[in-house]
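Visitor: Have a look at this one.
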Amino acid sequence: MKVYLDLIFFINFMFDLLLLMTVSIECKVFSKKRRLVISSFLGSLSTFLLFLPLNNISLFLFKVVISIIMILVGFKITSKELFFTLIKSLYGNSIILGGLIYFLNNQFSYKQKGFIFVHDGTSLNLIIILISSPIIFYLYHKTMENEKKKRELLHKVSIKCKKGVVNTLGFLDTGNNIKDPYKKRGVILINSSEINLSLEESILVPFKTVDSNSLLRCIEIEELKIDDNLITKKYLLGISPKKIEIKGASCILPNMIEEEL
1 MKVYLDLIFF INFMFDLLLL MTVSIECKVF SKKRRLVISS FLGSLSTFLL FLPLNNISLF
61 LFKVVISIIM ILVGFKITSK ELFFTLIKSL YGNSIILGGL IYFLNNQFSY KQKGFIFVHD
121 GTSLNLIIIL ISSPIIFYLY HKTMENEKKK RELLHKVSIK CKKGVVNTLG FLDTGNNIKD
181 PYKKRGVILI NSSEINLSLE ESILVPFKTV DSNSLLRCIE IEELKIDDNL ITKKYLLGIS
241 PKKIEIKGAS CILPNMIEEE L
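Using the UniProt record's numbering, the first residue of the sequence shown is number 1, and each one after it goes up by one.
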């Protein structure tokens with residue numbers, strides 16, 4: 001049987017690239033395309049392990065090491081949690097992809113010849129790449145653009161009030177229309193963990209949720225800086241009724257503040 005090493009290498013490279021893009025989409029962690037290409041190239045070097053006299057344990061250990069290298073090269077690792085999340089996603093999607101190939105092999109009676117499945121001279125792996133590549137490339141680009149737009153809505157915020165100074169990350173929410181009904185001041189929502197505000201020292205501002213009406217505990221902001229720029233309009237700082245977890249932000253900026261940015 002003829003073995004076309006260049007074809008196997010190319011197929012392995014493309015699978016690794018599509019796999020890394022799928023991991024990136026799932027975990028919403030994006031890198032430069034150059035890093036993903038280099039990582040995929042390093043991963044595809046595992047092709048040569050097929051021609052070495054290795055036992056199953058050694059082959060498994062080599063693949064684990066290569067997987068770790070692929071993650072470290074392909075993505076910027078900022079924490080142990082992120083690293084393990086990416087590793088789990090990589091192996092999870094690998095299992096799904098392998099299961100898909102096995103299923104199609106059984107459905108269409110492909111014969112396995114070493115690393116690839118063939119039928120009438122056509123590689124099943126190559127067919128899957130040709131079909132899935134445009135879809136994954138589109139999803140990757142679309143998801144990356146959406147994440148970029150979200151990041152543009154994140155701002156460094158410094159809030160000074162009588163309770164002290166709070167430095168945090170804020171998310172500009174165009175749906176935040178909460179205002180003080182008396183002086184029409186916009187309300188910046190913040191997690192209760194950032195500031196301790198008792199009922200006695202609060203300004204109560206009514207607001208509506210989907211299913212009820214409620215009151216926000218607020219306090220006057222003495223000085224507000226966003227991205228180190230001083231904001232001249234007056235705003236209130238309100239305790240959010242729900243924990244804010246948006247891309248690492250712990251406060252939500254009102255839509256009316258957008259014109260001052």
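In this text, a Cβ means the ideal position worked out from N, Cα and C, and glycines have one as well. Just so it is clear, the structure is predicted and the values come from calculations on it, not from any experiment.
(1) What did DSSP end up calling E245 once you bin it into helix, strand or coil?
(2) Under three-state DSSP, which class holds T209?
(3) Going by Cα to Cα distance, which pick from I38, L19 and L59 is closest to K88?
(4) Compare the C-alpha of G248 against each of L154, S79, L61 and P53 and name the closest.
(5) If you compare alpha carbons, which of Y140, M14 and G175 is closest to F207?
(6) Measure the alpha-carbon distance for K160 versus N229 and round it to whole angstroms.
(7) Count the other C-beta atoms from every protein chain shown that fall within 10 angstroms of the C-beta of I219, then say buried if there are 16 or more, exposed otherwise.
(8) Which residues in the same chain have their Cβ closer than 7 Å to the Cβ of S214, if we skip the five residues on either side of it in sequence?
(9) Since T168 sits in a beta bridge, which residues does DSSP pair it with?
(10) Which partner residues does R217 have in the DSSP bridge list?
(11) Kindly identify the DSSP beta-bridge partner or partners of C251.
(12) Between the alpha carbons of residue 267 and E260, how many angstroms are there, rounded?
(13) The beta strand (DSSP E) that contains G238, what's its start and end?
(14) How big is the Cα-Cα spacing for V118 and T209?
(15) Consult DSSP for L224 and reduce its assignment to one of helix, strand or coil.
(16) For I128, which option in L197, N12 and M144 has the closest C-alpha, if you only look at C-alpha atoms?
(17) Give a yes or no on whether the C-beta atoms belonging to C251 and L172 are separated by under 8 Å.
Guide: In this structure, then:
(1) coil
(2) coil
(3) The candidate whose alpha carbon is nearest that of K88 is L19.
(4) L154
(5) G175
(6) 14 Å
(7) buried
(8) If we look at S214 and ignore the five residues flanking it on each side, its Cβ neighbours are F207 and P241.
(9) V157
(10) L204
(11) G170 and I190
(12) Here the chain covers residues 1 to 261 and nothing more, so residue 267 does not appear.
(13) Y235 to I239
(14) The predicted position of V118 is uncertain, since its pLDDT is 48 and thus under 50; a value taken from the coordinates is nonetheless stated next. If I take the Cα positions, the gap works out to 58 Å.
(15) strand
(16) N12
(17) no
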